[in-house]
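Student:
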Amino acid sequence: MESFLTAPALGIFVGVLMGLTGAGGGILSVPLLIFAFHMPIAEAGPIALSAIALAASVGALIGLKEKVLRYKAAIFMASFGLILSPLGLWVGQHAPNTPLLILFSAVLIYVATRMYIQASQTLAGTTPPMMKPPPCQLDMSIGKLIWTVPCARALMFAGATAGFLSGLLGVGGGFIIVPSLKNFTDLPMKAIVATSLGVLAIVSAGGATISLASGTLNMSIAGPFAIGALIGLLFGKILEKNISGPRVQQIFSIFTFLVALSLIYKCLF
């Protein structure tokens, strides 16, 4: 009975963050599941991926309808993510739980610190100027990215890295995709969030499918959690229009940092 109450509540929280940031919800899914259900990271990861896949798919469709999703870039990045995701899943299933938790905590601290600094710079109007044009630039006349070899190489690396970490740690990879799209493209933030959700949808669906086929996906928790995440994402997309993005990122980064410290304490004590 507990899973039918706790799982959707956690899912709603994760979904709201995904709708607001395009990245935040996925990376918090695993630690929240670990704390709530006392499960190892290898079991929490597939559950998180199933929720990310469902919620991100709907978010990506909303972005496609609003014509802000760069679907070619999303498919290109996700294709390399799908190649590396099974390797990450295999490593995650065979690695000891404690080192994985410490690695996950380190990733959380990195993401939280980077996001807080960037959000603070944006709010203060002190964002450092871009020294040179990004490798992927938007052709304003047709509203599409101009594809070059440096552009393809940058997106390929980001997609592959996100895919491996998605399988290894059960995260969607949005914390890799969003900063990468910020650095490598000149897309507006709405397009970055939508494109990130498109990549997450494809990569997470691949990882969740593999986990389901191998029997490592706990559907009694994954189902309610995924439905809650979907509801939360739709609510988050509504809030997105009325809430300052940088302020949300600051709050999220502080919360993420505290979660990381809690995971480290759990490992050591």
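In the working numbering, the protein residues as written are 1360 to 1628.
Each residue gets a CB set at the ideal place from its N, CA and C atoms; glycine is no exception.
Tell me whether E1402 is buried or exposed, calling it buried when 16 or more other Cβ atoms sit within 10 Å of its Cβ.
Tutor: buried
Student: Just the C-alpha distance for G1342 and M1548, rounded to the nearest angstrom, thanks.
Tutor: No information on residue 1342 is available, as it lies outside the stretch 1360 to 1628 that the chain covers here.
Student: To test your reading of the DSSP string, which unbroken alpha helix (DSSP H) runs of 4 or more residues are found completely within the region 1563-1616?
Tutor: Listed in chain order, the complete alpha helix (DSSP H) runs (minimum 4 residues) inside the region 1563-1616 are 1578-1598.
Student: Classify Q1480 as buried or exposed, calling it buried when 16 or more other Cβ atoms lie within 10 Å of its own Cβ.
Tutor: exposed
Student: Taking DSSP's pairing of strands, which residues face D1498 in a bridge?
Tutor: K1503
Student: Which value, in whole angstroms, describes the spacing of the CA atoms of P1405 and L1482?
Tutor: 36 Å
Student: At a cut of 8 Å, does the region 1567-1578 reach the region 1428-1440 through at least three beta carbon pairs?
Tutor: no
Student: Just mark P1455 as buried or exposed, buried being the case when its beta carbon has 16 or more other beta carbons within 10 Å.
Tutor: Looking at its Cβ environment, which holds fewer than 16 other Cβ atoms inside 10 Å, P1455 is exposed.
Student: From L1462 to V1508, what does the alpha carbon distance come to, in whole angstroms?
Tutor: 32 Å
Student: Return the residue from the list L1627, S1621, F1628 that minimises the CA-CA distance to V1389.
Tutor: Looking at the Cα atoms, S1621 is the closest of the given residues.
Student: Checking contacts by CB at 7 Å: is P1367 closer than that to chain C?
Tutor: Annotation note: the requested chain C is absent from the structure, which comprises a single protein chain.
Student: Quick check: what's the CA-CA separation for V1470 versus I1536?
Tutor: Approximately 12 Å between the Cα atoms of the pair.
Student: Measuring only the C-alpha atoms, how far is P1605 from A1478?
Tutor: 5 Å
Student: Using 10 angstroms around the beta-carbon of T1457, count the other beta-carbons present and answer buried if the total reaches 16, otherwise exposed.
Tutor: exposed
Student: Please classify K1596 as buried or exposed, where buried requires at least 16 neighbouring CB atoms within 10 angstroms.
Tutor: buried
Student: Exposed or buried, what is Y1624 when buried is set at 16 or more other beta-carbons lying within 10 Å of its beta-carbon?
Tutor: exposed
Student: Give me, in chain order, the residues of the same chain whose beta-carbon lies closer than 7 Å to that of A1560; leave out the 5 immediate sequence neighbours on both sides.
Tutor: A1412, A1415, S1416, A1419
Student: Is the CB-CB distance between L1497 and D1545 below 7 Å?
Tutor: Cβ distance < 7 Å, so L1497 and D1545 count as in contact.
Student: Return helix, strand or coil for T1485, following the three-state DSSP convention.
Tutor: coil
Student: Nearest to A1585 by alpha carbon, out of L1540, L1387, A1410?
Tutor: A1410
Student: Flag this pair as yes or no: are the beta carbons of G1374 and G1591 separated by less than 7 Å?
Tutor: yes
Student: Taking all protein chains shown into account, do 16 or more other C-beta atoms lie within 10 angstroms of the C-beta of A1550, making it buried, or fewer, making it exposed?
Tutor: buried
Student: Under 8 Å by Cβ, that's how I've got I1684 and P1445 pegged, so tell me the actual separation to the nearest angstrom.
Tutor: Within the shown structure, residues of the chain are numbered from 1360 to 1628, placing residue 1684 beyond reach of any answer.
Student: Since A1415 is in the alpha helix (DSSP H), which residue starts that stretch and which ends it?
Tutor: 1400-1424
Student: T1544 bridges to which residues according to DSSP?
Tutor: C1495
Student: Rank I1476, S1464, I1610 by C-alpha distance to the C-alpha of L1391 and give the top, closest one.
Tutor: S1464
Student: Under three-state DSSP, which class holds R1429?
Tutor: coil
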